[in-house]
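A quick write-up on the structure given underneath.
So, in structure tokens, the structure goes:
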């Protein structure tokens, strides 16, 4: 993926390079949107912009999970055909993103939070310490309430 978007030391023409970028971008956007819609269907909620996806259906939750997993494998494989001779890279990246979508999103949130807190700690250390104390206190209270009633 980095080769497609950064493109250092490749001998592709600009048109070919952009065709790979468009294919990769379309694949990522499609996987994110279908993952969003599938998650909406799994939790039986009507989220804004989500569509009904046929591989989920109105079934028991475990059949919806199996349907979602099969969609997370089959659809990225089909989308990888847009990648031309890089279709194997598209298949691997697409299936990994689709199957691990929620893990990827969680890691992105954690990384963004870390970067934000790092900047806050550099610019306003007292505010950062205060925020840390509030978060720890809230976590302790939440833990006590949930654990001990």
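Residue numbers (the numbering used here): 12 to 160. Backbone N, C-alpha and C define an ideal beta-carbon position, used for all residues, glycine too.
Continuous alpha helix (DSSP H) stretch holding residue i: start and end
i: residue 146; result: 136 to 159
i: residue 52; result: 25 to 53
i: residue 79; result: 72 to 90
i: residue 108; result: 98 to 110
Under 8 Å between C-beta atoms of residue i and residue j
i: residue 34; j: residue 93; result: yes
i: residue 95; j: residue 42; result: no
i: residue 45; j: residue 64; result: yes
i: residue 10; j: residue 61; result: It is not possible to answer for residue 10, since the shown part of the chain is limited to 12 through 160.
i: residue 77; j: residue 53; result: no
Cβ neighbour criterion (16 or more within 10 Å) applied to residue i
i: residue 157; result: exposed
i: residue 126; result: exposed
i: residue 129; result: exposed
i: residue 68; result: exposed
i: residue 138; result: exposed
i: residue 141; result: exposed
i: residue 38; result: buried
Counting pairs of Cβ atoms below 8 Å between the segment 106 to 117 and the segment 72 to 84, do you hit three or more? yes
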